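FYI, the numbering for the sequence shown is 1 to 125, going by my numbering. Glycine is no exception: its CB is placed at the ideal position from the N, C-alpha and C atoms. These figures come from a predicted structure and were not determined experimentally.
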Amino acid sequence: IIPFVAILLAEITKAFTDLLQRRSHVRFLNSGGMPSGHSSFVAALVVVVANREGVGSTAFMISAVLALVVMYDAVNLRHEAGKHAKLLNKLLPKEHLEESLGHTRFEVTVGAVFGAIVAFVLLSL
Numbered sequence: 001i002i003p004f005v006a007i008l009l010a011e012i013t014k015a016f017t018d019l020l021q022r023r024s025h026v027r028f029l030n031s032g033g034m035p036s037g038h039s040s041f042v043a044a045l046v047v048v049v050a051n052r053e054g055v056g057s058t059a060f061m062i063s064a065v066l067a068l069v070v071m072y073d074a075v076n077l078r079h080e081a082g083k084h085a086k087l088l089n090k091l092l093p094k095e096h097l098e099e100s101l102g103h104t105r106f107e108v109t110v111g112a113v114f115g116a117i118v119a120f121v122l123l124s125l
């Protein structure tokens, strides 16, 4: 349940960040934005698995690799898809595609740290 709490708190934080920056739309459970909810989820998952199963366990290795894949995807693959959407929007203005699909490295890092902190705090209760 801890990873789900982490992503929920990250998404609430992202919505408040968007409000503070006076964005035209608030991103809640959408891609992009600060902090990365997906990174928060997988980082919290890694911390929980490390705590419960140990860092030498197969479950920990699987969760760590999953976290790396998710964070790589958030920064690289979805960023490229966003660039393609931006180009398509110029070519087809009526078909407005979402352009903010990925995260910056900073957003992913903050999301991962956020998720790890949430997990450590909740595990200590």
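Item: Exposed unless 16 or more other CB atoms sit within 10 angstroms - verdict on residue 87; Value: exposed
Item: Straight-line Cα distance separating residue 124 from residue 51; Value: 11 Å
Item: Backbone CA spacing between residue 41 and residue 19 [nearest angstrom]; Value: 22 Å
Item: Residue nearest to residue 72 in terms of C-alpha spacing, selected from 119, 108 and 63; Value: 108
Item: Check whether residue 10 and residue 119 have beta carbons under 8 Å apart; Value: no
Item: Whole-angstrom distance between residue 114 and residue 32, CA atom to CA atom; Value: 16 Å
Item: Sub-8 Å separation of residue 36 and residue 84 beta-carbons; Value: no
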